[in-house]
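See below for the structure under consideration.
2 protein chains.
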Amino acid sequence: MAADEDLMDALVRTTFRVMAVLTRAGAAHDLSLTQLRVLGILRDRRPRMTELAAFLGLDKSTMSGLVERAERRGLMVRGRSPEDRRAVDVALTEQGRELFDKVRRDVVAELAPFVGRLDEAQQCDLTRLLDVLTAADRAGVEFASEP
Amino acid sequence: MAADEDLMDALVRTTFRVMAVLTRAGAAHDLSLTQLRVLGILRDRRPRMTELAAFLGLDKSTMSGLVERAERRGLMVRGRSPEDRRAVDVALTEQGRELFDKVRRDVVAELAPFVGRLDEAQQCDLTRLLDVLTAADRAGVEFASEP
DNA sequence: TTGACATTGTTGGCATTACCAACCAAAGTG
DNA sequence: CACTTTGGTTGGTAATGCCAACAATGTCAA
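First to last, the sequence lines map onto chains F and V.
Take the first sequence: its letter number 3 is residue 3 in the UniProt record's numbering, and every next letter is one higher.
Take the second sequence: its letter number 100 is residue 100 in the UniProt record's numbering, and every next letter is one higher.
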């Protein structure tokens, strides 16, 4: 059996498993996977709507609704850009940041049992391999702080 | 910085990246991520509705709609179980299997550039590490054929 | 055997996600 | 100043997913 296809299967399996963790952790705080991701992106950025949509691979109109609901919940704010009065900048509120950090802690706790199956050296190996895998196109996939 | 949190970040990043590939490959054939996953599960199983819902972590009623639409498209069939006349067995049709295989090929092609960044030895290492990570609870996360 | 209870799946109602097409407003271009 | 492009919103539709309520079976105790 081809090594690369085995790897792809493992990647897909892992993806679904991590997705389940993120979905559940988000849902515990009434956040969809997408909303959670938006919060993560906004954590260290202040993009405009179109940028955000491009990051996520979503339509502009989808972003409108997404941000609108999050704003109504007090998690984000929209403000017209000073430079370009058409553009809308999106930013986290303090409340949004706190909520994200809370969910992030839950995620870390839920992933711990899995990660704990590896010893420290293996963890480093795995991290490095995954970094290589996703290198050079990490745009828009940030969830956590920074490298 | 803690090795385990670095790893979790890498895992989440990878998850979003693979998810994007799966979503796009599915969408190219009018399949949502969830539907694609259902097809994958049915590939070597013939579960009843409740089992399927449990696999996916979804509500029974969600399954009803999901399977109903897939059946209307000719991808699956539902049949009352012979043993328990309340239960409904779900199975892939030939067409469903073909569609899944087609999408799977697309996914393999789209993942190839990423996987190709690793040499064969690294691929094996990564596969093994991911297998350890998701070991013992691979239920419901199968996408591809079999270990 | 019958009556209480549990399980299986469907239905209806709702909010969210996501797309597209159409639109307004602001910016850039000739 | 027209003309086009860009940035976002709105309205319409379909799909996803939850919950509560329900019908039909199955199970088990009295």
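We treat Cβ as the ideally placed atom computed from N, Cα and C, and that holds for glycine.
- [ ] Could you tell me whether the Cβ atoms of Cys124(F) and Ala135(V) are closer together than 8 Å?
- [x] For Cys124(F) and Ala135(V), no; Cβs fall outside 8 Å.
Task: Integer Cβ distance of Leu66(F) from Leu126(V), believed to fall under 8 Å - done: Going by Cβ atoms, the distance from Leu66(F) to Leu126(V) rounds to 33 Å, so no, they are not a contact pair.
Open item on the list: Distance check for Ala121(V) and Ala20(V), CA to CA, integer angstroms please.
Closed with: If I take the Cα positions, the gap works out to 26 Å.
Task: Three CB pairs or more closer than 8 Å across the segment 101–113 of chain V and the segment 12–27 of chain V - done: With a cut-off of 8 Å, the segment 12–27 of chain V and the segment 101–113 of chain V count as touching, because enough Cβ pairs lie within range.
- [ ] Say whether chain F places a C-beta atom closer than 8 Å to the C-beta of Met19(V).
- [x] Output row for Met19(V): interface = yes.
- [ ] Give every residue of the same chain whose Cβ lies closer than 7 Å to the Cβ of Arg138(F), excluding the five residues on either side of it in the sequence, and list them in chain order.
- [x] The pLDDT assigned to Arg138(F) is 41, lower than 50, so where the model puts this residue is not dependable; a value taken from the coordinates is nonetheless given after this. Closer than 7 Å at the Cβ level, and outside the excluded window around Arg138(F), lies no residue.
Open item on the list: Cutting at 8 Å between CB atoms, please list the residues of its own chain near Val88(V), excluding the five before and the five after it.
Closed with: Non-local C-beta neighbours of Val88(V) in its own chain, meaning closer than 8 Å and more than five positions away in sequence, comprise Arg48, Met49, Arg78, Gly79, Arg80 and Ser81, ordered along the chain.
- [ ] Report buried or exposed for Thr25(V), applying the criterion of at least 16 other Cβ atoms within 10 angstroms of its Cβ.
- [x] One detail in the question is off: residue 25(V) reads as Ala in this sequence, not Thr. So Ala25(V) ends up on the buried side.
- [ ] Please report how far the alpha carbon of Lys60(F) lies from the alpha carbon of Gly74(V), in whole angstroms.
- [x] Answer to the nearest angstrom: the Cα atoms are 33 Å apart.
Task: Pairwise C-alpha distance: Asp84(V) and Ala54(F) - done: C-alpha separation (whole angstroms): 49 Å.
TODO: Return yes when the Cβ of Val132(V) is within less than 8 Å of the Cβ of Ser117(F), no when it is not.
DONE: It should be noted that the sequence gives Arg, not Ser, for residue 117(F). Contact check for Arg117(F) against Val132(V) passes: the beta carbons are separated by less than 8 Å.
Task: Coarse secondary structure for Ala54(V), derived from DSSP in three states - done: Helix at Ala54(V).
TODO: Would you identify the three-state DSSP class for Ala91(F), choosing helix, strand or coil?
DONE: Strand, per DSSP.
- [ ] Starting from the Cα of Gln35(F), find the closest Cα among Val115(F), Glu68(F), Arg86(F) and Glu110(F) and give me that residue.
- [x] With distances taken between Cα atoms, Gln35(F) lies closest to Glu68(F).
TODO: Determine the DSSP secondary structure at Arg48(F), reduced to helix, strand or coil.
DONE: If DSSP states are grouped into helix, strand and coil, Arg48(F) belongs with the strands.
- [ ] Report the rounded CA-to-CA distance for Phe114(F) versus Thr62(F), giving the unit in angstroms.
- [x] Each residue's alpha carbon lies about 34 Å from the other.
Open item on the list: How far does the beta strand (DSSP E) with Gly40(F) in it extend, from its first residue to its last?
Closed with: Membership of Gly40(F) in any beta strand (DSSP E) is not indicated; the residue belongs instead to the alpha helix (DSSP H) covering Leu33 to Leu42.
Open item on the list: The alpha helix (DSSP H) that contains Gln26(F), what's its start and end?
Closed with: According to the sequence provided, residue 26(F) is Gly. The question's Gln does not apply to it. Ala3 to Ala27 is the span of the alpha helix (DSSP H), which, as asked, contains Gly26(F).
Task: Which of helix, strand or coil DSSP assigns to Arg72(F) - done: Taken through DSSP and simplified to helix, strand or coil, Arg72(F) comes out as helix.
Task: Proximity test, Cβ basis, 8 Å: Asp30(V) and chain F - done: Asp30(V) does not count as touching chain F.
Open item on the list: Looking at chain V, is there any beta carbon in it that lies within less than 8 Å of the beta carbon of Phe55(F)?
Closed with: Chain V places no beta carbon closer than 8 Å to that of Phe55(F), leaving this residue out of the contacts.
Task: Secondary structure of Gly116(V), DSSP reduced to three states - done: Three-state result, Gly116(V): coil.
Task: Which residues DSSP lists as bridging residue 172(F), in chain order - done: Nothing about residue 172(F) can be read from this structure; chain F reaches only from 1 to 147.
Open item on the list: Considering Cα atoms alone, identify which of Thr15(F), Arg46(F) and Ala91(F) is closest to Leu33(V).
Closed with: Minimum Cα-Cα distance from Leu33(V) among the listed residues Thr15(F), Arg46(F) and Ala91(F) corresponds to Thr15(F).
Open item on the list: In this structure, how does DSSP classify Thr134(F) when only helix, strand and coil are distinguished?
Closed with: It is coil, neither helix nor strand.
TODO: Check the C-beta distance from Leu56(F) over to Arg37(F) and give it rounded, since I have them as a contact under 8 Å.
DONE: Yes, Leu56(F) and Arg37(F) are in contact; Cβ-Cβ is about 7 Å, under 8 Å.
- [ ] Report the three-state DSSP secondary structure of Glu146(V) (helix, strand or coil).
- [x] Low confidence applies here, because Glu146(V) scores a pLDDT of 31, under 50, leaving its location unreliable; read the following figure in that light. Of the three classes helix, strand and coil, the one that applies to Glu146(V) here is coil, per DSSP.
- [ ] For Asp6(V), decide whether its Cβ has a neighbour in chain F, counting only Cβ atoms nearer than 8 Å.
- [x] Yes, because at least one Cβ of chain F sits closer than 8 Å to the Cβ of Asp6(V).
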